[in-house]
Structure formats: C-alpha cells, structure tokens
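One rule links them: number in this note's numbering = place in the sequence shown (from 1) + 302. Heads up, the beta-carbon is just placed ideally off N, CA and C, and yes, glycines get one too.
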Amino acid sequence: MDRDRQDLEQAVRSWGRTAFSFDVLENAERYSLFRSARVPGAIVPYKTVGRVDAVIGEPLAPFESLADVTREFIETRGAARRRVVGFCASEEFARAAASVGAAAAQITAEPELDPVTYEPVGGSAKKLRVYARRLMRSGVQGVAMPARSAHRDAQFRQAAEDIVTAWKDRARHTSAHILEIDLWKQAEEKRYFAVFDPKASDRLWSLLVAHPVYGNEGWHFCHLMRHPDAPKGVNELVVLTAIDALGDEGVRYATFGPFAVPRAGEFIGYGPTSERVVRRIYQVVAQRVGYGSSVEFYRKIQANPWRPRYLVIWPRGALVRGFYTMTRLAHVFGFLEGGG
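So this is what it looks like as structure tokens:
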C-alpha cells in the first residue's frame, strides 16, 4: 500500500463522519488530496471541476481541528487562484468556511436514525407495518446477508448484479449515481440487505447496500434498488430489515445520506438580493427535478434527525458560478433513489 493510500485510509477510519467519507476511500483515484501542515494526519480530499476544487462532506480531521483545517485549505487554494465549493457540507465546515469569506446555503439534509431505539409511530408507521405484513403473509422475507462474506455467495452475487442491471435500464434517462455503482469493490467493508422473490430464489425484489461511516461507528444506506416488477413495499421492507439487524448488533448510527430538499433552508453570508435570487433558482430546479419524492420516502420511514447540509461557495463573489458548479456535481456525487 502506497503512502497516500495508507494515510487516506487512516484519516477516513479515524475521522470519516459524513455519509460519503467511504466513497473517498473506495474511489481514491478520483480525488486529489490536500494534506494539512497544521494538523498532523488531517486530509482534505477534493475533486477538480474547471477552476473549482470541490469538497464533499467535510475535511478528514479531528472534530476540534475541523475549523482550522477548513480555513487552511481555503486560504491555500485561494493563494493558488482556485475557487472552492463544499458539496453536502456539514454545518461545522460551512460555518468555518464562512469565517474566511465563503457563503453557504442549506439546500440538502441528511436523515439519520439510531437503529437501537428506532420505533416509528403514527400514520406512516401503520403503513409500514401494513406493507411488511402483507408481504410476509405472501412468503416474502427481508434478509440481512452475512457481514464480510455476502459477496462470496455466487447465487446472491448474480441476483444482485441482475437487479442493478434492471435498475440501470430503467434509470438510463437520469444521471443518478446508481449508474456508477460497483457492488463488489471493497465488498468486505460493506453490508448487503435483500428481499428475494419468494417464487424465484435467484431473483431479488429489493437490494440495499450500506457503506461504513467509521467516524460514527455506523452505516450509510447508500444504494437502494427496487426491481421494476416487484410489488409495492419491498423497499420499505428491506430498509426495516437493515434497521432491525443493525439495532440487534448494537449499532447506534445510520444515515440515508444527503438529499436535496424541496425548499432551501438557512443562508449564511448571502446578501438579501443574492439570497432571493438563489432561493428562486433552487425552487425552480427542485420542482423540475422532483426532489420531494425521495424526501417523502424517508419521512415515511421516520428517520430523525434531519441533519442540515450546505452548499459552500468561496469566494462569496462567485455565487452564480458556484451554484452552476453545484448543478454539475449534484449527480456526480449522487443522491439515493427512494420510494417503494
């Protein structure tokens, strides 16, 4: 293992607190690395888009040093005449960036939950139970595949690859990140949860692939796929299966990853006119793309809390260009496909 890879792995395992931190490790060749001169071992992975250096989530650094590393990164990139965009940025990253002249807008949120204490209530809980009971009465079961060895099961591998192919065929008209999925890359680090067709054990109706969030000792429910021919409710069943299995193991953190929200939230560092313009642009984009569907799915699941995530743009004067860059990055970094 070369030094860059070794240092990156150590940083992700120690300080990877956001949903996409594992993506940095899984696809290290796609990222450039900024090494902090102030905080030993701290790294800022970023992708280059034109004159912009884009960071997803937050720097890999001790929590108490996050602000220092953020400011160091922005100042260094600025000296190189680069712009910086933070995508799905944590609130801590956003506020640290704002302290050195960035603007930030809360246009994504990350639904999280504690699998140990998870207990949905109310009308949506009733719907979840109805879906689950109806499916189980017809012989459908959710399965938590064995940790660290599911990829060695030849029948499961083929069934998983088949559902990915079916999903891709249905989603060709989109630029969703599911089209980039690599099921078996670092497979021993991932978890797999499935709903099989009860009449065909070699076919999956739903598949959920979870990636580790090492810094929180939890999991990111990263890829959720439903076979086009599957009955309603299989995605809900596979998610509930995953939550139950992780709760039984004592896992206290799970996230569905960041999603674009139907309405923008807090703005930091924007003037009144800029804020109105960006809110309006975002509202138009959200309505056109239909961001609300995934949000509604996870409200039904009753994930809570919804952690705010921000679009960070530095320098503040590059708001329009930064917002355009965000639209180019949105499906490169990706959002889950939701719904049952």
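Item, Value
"Extent of the continuous beta strand (DSSP E) run through residue 324", "Residue 324 -> not in any beta strand (DSSP E); alpha helix (DSSP H) instead, spanning 323-328."
"The segment 375-388 touching the segment 350-359, judged by at least three CB pairs closer than 8 Å", "yes"
"CB contact flag (residue 529, residue 468, <9 Å)", "yes"
"Between the CA atoms of residue 334 and residue 350 - distance to the nearest angstrom", "8 Å"
"Alpha carbon of residue 618 to alpha carbon of residue 397, nearest angstrom", "13 Å"
"The segment 311-323 in contact with the segment 510-518 per 3-pair CB rule at 8 Å", "yes"
"Helix, strand or coil at residue 413 according to DSSP, with G and I counted as helix", "strand"
"Within 9 Å, strictly: CB atoms of residue 510 and residue 532", "no"
"Continuous alpha helix (DSSP H) stretch holding residue 467: start and end", "456-472"
"Top-ranked residue by Cα proximity to residue 417, from 611, 432 and 546", "546"
"Closest by C-alpha distance to residue 523, when choosing among 392, 395 and 414", "414"
"CA nearest to the CA of residue 321, picked from 336, 412, 404 and 311", "412"
"Burial state of residue 537 (16 or more Cβ within 10 Å)", "buried"
"Span of the beta strand (DSSP E) around residue 520", "520-528"
"CA-to-CA distance, residue 391 to residue 309, given in whole angstroms", "22 Å"
"Closest residue to residue 597 among 561, 338, 586 and 342 (Cα-Cα distance)", "561"
"Pick from 527, 494 and 437 that is closest to residue 451, judged by C-alpha positions", "494"
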